[in-house]
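This note's numbering applies: residue 1 is where the sequence shown begins, and numbers increase by one. A virtual CB, placed ideally from N, CA and C, is assigned to each residue, including glycine. None of these values were measured; they are calculated from a predicted model.
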Amino acid sequence: MILASQRTRRFEFEVLCALANTELTPERIERIASCHDSALDWDQVLRLAEHHGVLPLVARNLIRHGCLENARELSPEVERSLQSAYDANLRRSLWFTAELARIMQHFKRSQLQAIPYKGPVLAQSLYGDPGLRSFSDLDFLISPADFDQAKQALAEIGYVPATDLTPAVERLWLRTGNEREFDGAAGKNLVELQWALLPYFYAVDLSVEDLLARAGRAVVGGCEMPCLSPEDSLLVLCLHAAKHLWTRLIWLADIAETLRTRTLDYELAFSRAHDLGIARILGVSFWLVKNMLHAELPQLAEEMIASNASVPALGAEFADRLSRSATYDFESTEYFRLILKLRERSSDRWRYRWRLVWTPGAGEFAAVQLPEPLFPLYRIVRLGRLLRKLI
């Protein structure tokens, strides 16, 4: 028997999923209205919206639709809070957009190739409104060979690494990690330089150089800059969501809006996914978008779901955690096991196991400080830390 509090939380999450879309169709509005007999706690809906990164989108939808007329529980204070949340995110997004333009202009003067993605780029290209997507930093994809130059260019305009690494450790991190965060005058961790989509141990070898070579152009904040091709953007968004095991609705909303608004060569995108061994990841992403956000999928995406028998079961497992706003310990054996289940090729699963065991990361560098000639011993430190998690 489902307890009343559990039933209410389920209704609240269903309302949130219906609101986490740029367009509220009559069917979505009816779905929201059908939940009102459950004495919906709108404060809890808004808390969930903030947790899942969709509060600005939810706020805009409730304001635009007169709180959907049926939502009489909303007090004037809550309505003001909704408007305040949207306005605050819009101001923050506009600041980030201006900063993105400033950084990209400096990179251009430095003859440095970089692709900004997520953040302001998604807010404009997918949502058509800088206030509808929340984000807290600016992400740039660069070639690993250009990291030192990019780091120097950021220093020239006031950004410094968020953590101190010796030059030797930083060189090692360029081989085993995927990103470095930078602080600026306006706050900490405002910029990320990424030379890979995922750390090396995930065994998804999508080359940033290939992404750079296939880049298109976009205008963001009045500044023309490179952008990911639509097909690469879809793959990147699905990989990013999978890395975090789809624990926030905003990542599903990004994928749904990509499918809805972008002109995609699906055969090309899916061919690249098969070559990388991430077709199952795309399938789970599409299943969640369809079943959680009730978005319509193109036929080829439906076929990708149907082509892998494990996708519905995996999707249901992640959907349950998502609906409970549950999180994972991203250094736990449970997390590593689930990432392993997402890989469809046995060769990729073996590469993942091998790299997971032997690839040192930030935890190992923080645990023991070794001189450069002894860096191979970080593999032993890594193995020891993993074994302690199994005991």
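Nearest to residue i (by Cα), restricted to the options the options
i: glycine 384; options: Leu356, Glu170, Ile305; result: Leu356
i: valine 191; options: Ser323, Met104, Ser285, Trp287; result: Met104
i: leucine 300; options: Ala273, Ala313, Leu322, Val58; result: Ala273
i: threonine 59; options: Phe147, Gly131, Pro298, Arg28; result: For the sequence presented, residue 59 should be read as alanine rather than threonine. Out of Phe147, Gly131, Pro298, Arg28, Gly131 has the C-alpha closest to the C-alpha of alanine 59.
i: aspartate 137; options: Thr247, Gln111, Ala168, Arg180; result: Arg180
i: leucine 239; options: Leu212, Ala203, Asn61; result: Ala203
i: proline 312; options: Ala155, Arg280, Leu16; result: Arg280
i: asparagine 178; options: Gly187, Gly363, Leu193, Gln111; result: Leu193
i: arginine 321; options: Asp148, Trp246, Leu212, Glu344; result: Trp246
i: aspartate 87; options: Ile380, Ala98, Ser285, Ile63; result: Ile63
i: isoleucine 278; options: Gly187, Glu302, Lys290, Val236; result: Val236
i: asparagine 89; options: Val54, His244, Ala150; result: Val54
i: serine 310; options: Thr327, Phe336, Arg345, Asp146; result: Arg345
i: glutamate 224; options: Arg337, Trp42, Thr97; result: Thr97
i: phenylalanine 336; options: Thr327, Tyr352, Ser347; result: Tyr352
i: glutamate 331; options: Glu372, Leu377, Leu370, Leu387; result: Leu387
i: arginine 248; options: Asp210, Leu206, Met292; result: Met292
i: alanine 155; options: Gly184, Asp164, Tyr127, Glu79; result: Gly184
i: isoleucine 32; options: Phe13, Gln44, Leu48, Ala49; result: Phe13
i: aspartate 329; options: His244, Pro26, Phe147; result: His244
i: tryptophan 354; options: Leu338, Gln369, Arg379; result: Arg379
Reduced DSSP secondary structure (H/G/I, E/B, other) of residue i
i: leucine 154; result: helix
i: leucine 278; result: Looking at the sequence provided, one finds isoleucine at residue 278 rather than leucine. Three-state DSSP puts isoleucine 278 in coil, outside helix and strand.
i: proline 116; result: strand
i: valine 204; result: coil
i: glycine 128; result: coil
i: valine 219; result: strand
i: proline 376; result: helix
i: glutamate 331; result: coil
i: glutamate 209; result: helix
i: proline 226; result: strand
i: serine 110; result: coil
i: proline 371; result: coil
i: isoleucine 103; result: helix
i: alanine 20; result: coil
i: histidine 52; result: coil
i: threonine 97; result: helix
i: leucine 62; result: helix
i: histidine 244; result: coil
i: arginine 382; result: helix
i: arginine 353; result: helix
i: arginine 214; result: coil
i: leucine 46; result: helix
i: proline 360; result: coil
i: arginine 91; result: helix
i: glutamate 12; result: helix
i: arginine 337; result: helix
i: leucine 342; result: coil
i: aspartate 232; result: helix
i: isoleucine 2; result: Because isoleucine 2 sits at a pLDDT of 42, beneath the cut-off of 50, its placement in the model cannot be relied upon, and the point is left open.
i: leucine 237; result: helix
i: leucine 82; result: helix
i: leucine 122; result: helix
Test item: CB-CB of residue i and residue j under 9 angstroms
i: alanine 20; j: isoleucine 255; result: no
i: leucine 314; j: leucine 342; result: yes
i: leucine 141; j: leucine 197; result: yes
i: arginine 262; j: leucine 234; result: yes
i: histidine 51; j: serine 323; result: no
i: valine 219; j: proline 144; result: no
i: phenylalanine 365; j: valine 169; result: yes
i: leucine 340; j: leucine 288; result: no
i: serine 285; j: alanine 241; result: yes
i: proline 226; j: leucine 264; result: no
i: leucine 112; j: phenylalanine 375; result: no
i: leucine 195; j: leucine 174; result: The sequence as given places tryptophan at residue 195; leucine does not occur at that position. Yes. Within cutoff.
i: glutamate 99; j: alanine 186; result: yes
i: glutamate 302; j: alanine 269; result: no
i: serine 81; j: phenylalanine 135; result: no
i: glycine 361; j: threonine 176; result: yes
Cβ distance (whole Å) where residue i is taken to contact residue j below 8 angstroms
i: leucine 259; j: alanine 295; result: 7 angstroms
i: alanine 101; j: glycine 222; result: 7 angstroms
i: glycine 392; j: aspartate 139; result: Since the first and last residues shown for the chain are 1 and 391, residue 392 lies out of range.
i: threonine 359; j: tyrosine 200; result: 5 angstroms
i: alanine 153; j: histidine 106; result: 6 angstroms
i: arginine 109; j: alanine 123; result: Contact doesn't hold; Cβ gap of about 25 angstroms is too wide.
i: alanine 85; j: proline 56; result: 6 angstroms
i: leucine 40; j: phenylalanine 11; result: 6 angstroms
i: asparagine 61; j: leucine 16; result: Between leucine 16 and asparagine 61 the Cβ distance is about 11 angstroms, and since that is not below 8 angstroms, they are no contact.
i: glutamate 317; j: threonine 22; result: About 28 angstroms; that fails the 8 angstroms criterion.
Minimum length 4: unbroken alpha helix (DSSP H) runs contained in the stretch 131-198:
147-156, 167-176
To test your reading of the DSSP string, which unbroken alpha helix (DSSP H) runs of 4 or more residues are found completely within the stretch 247-326?
249-261, 266-276, 279-292, 299-306, 311-323
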